[in-house]
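Here's the structure we're looking at; comments come further down.
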Amino acid sequence: MSQMQVQMPPLSKTNKYLMIMTGVLFILESLMMKMAGVSLATYLGLSAAGVSHGFIFQLLTYPLIERQLLAVIFNGLLLWFLGSELESMWGTKRYIQFLLASVVTAALIYLMIGFFFLSETSVYSFPLMGLQGVAAALCVAYGILYPDRSFMFMMIFPMKAKWFCALLVAMELYTGFFSPMGALAWGHLAAIVGGFGMLLQFTKSKKKKKSSGNFAFKMEKKKGKAHLSLVEEEEDDSKRPPKYWQ
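Under the working numbering, the first residue of the sequence shown is numbered 376, with each subsequent residue one higher.
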């Protein structure tokens, strides 16, 4: 009988900085709301109204601001468990590219909805904020790369990563179509699309490297040089991440 493994991967540097910044801004947001009734989300969260007033920095600051403690904790744990593993596999540069693709794609789609479709509603000034879209993109990427890994959904039900990913997307779609604030869900879905596009780009560049390596090897053989063979290293089982995450 298999036993679920409860293991925490090392927290990567990028995710550590993201978690610290999110935590600090959450505390500042709570204090300012309590003491002065001023919300940082108005200035750092992303909205069509804010961008129209010249707050272009909102395109990058909106994921770092959050109003709900549970969202800070949950998204932070996803960054730790999933993001740290993906960063160790891709490297810091590609991981940051993935995050930026998710963040910018979500921002552009949300702004487009606010400017062109819902300019006469509260969505025009309502801020998109938090790491939920990025966390969703990380879940989808993880589900594609490791479809048979198991999660403990709601800390109770074991579920394979691919089904967890499908459930997450279905929930966002339902919210997008039927919730009064469905524009937020479309922003999260756009983050998933942006992350998926970057994942495809990673795969394409990896295939190009492999094909160029094979071509160089054949050219060397034709010129009569020493016979070499290219061997793809197999992944050491001892270095693989655990099969189950809780």
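Where is the CB? At the ideal position from N, CA and C, for every residue including glycine.
These numbers come from a predicted model, not from an experiment.
Here Ser525 carries a strand assignment [DSSP, helix/strand/coil]. Separation of the CB atoms of Gly551 and Trp538 is rounded to 20 Å, and the pair is thereby denied contact status at 8 Å. Of the candidates Gly508, Ala411 and Val498, the residue whose Cα lies closest to the Cα of Leu439 is Gly508. The alpha-carbon of Trp455 is positioned some 35 Å away from that of Phe490. By the neighbour-count criterion, in which 16 or more other beta carbons inside 10 Å mark a residue as buried, Val413 falls on the exposed side.
Ranked by how close their Cα comes to the Cα of Phe401, the residues Tyr392, Thr436, Ser387 and Glu441 have Glu441 in first place. Arg469: member of the alpha helix (DSSP H) spanning Thr467 to Met487, first to last residue. CA-CA distance, Ser477 to Ser497, rounds to 24 Å. Only residues of its own chain outside the window of five on either side were considered, and among them Ser477, Ala566, Ile567 and Gly570 have a CB closer than 6 Å to the CB of Ala512, listed in chain order. Residue ranges of uninterrupted beta strand (DSSP E) with 3 or more members, entirely inside the region 494-581 and ordered along the chain, are 525-528 and 532-535. Note that the region 409-428 does not touch the region 443-461; fewer than 3 beta-carbon pairs, one per stretch, sit closer than 8 Å. The secondary-structure analysis by DSSP pairs Leu421 across a beta bridge with Leu503. For Ser459, the CB contacts under 7 Å within the same chain, skipping 5 residues up- and downstream, are Pro384, Pro385, Leu386, Ser387 and Asn390 in chain order. Using a Cβ distance threshold of 8 Å, Leu461 and Tyr517 count as a contacting pair. Residue state for Phe430 is assigned as coil, using DSSP reduced to three classes. Contact check for Leu503 and Leu559: beta-carbon distance about 6 Å, within the 8 Å limit, so the pair qualifies. Taking C-alpha positions only, Ala424 is separated from Lys535 by approximately 41 Å.
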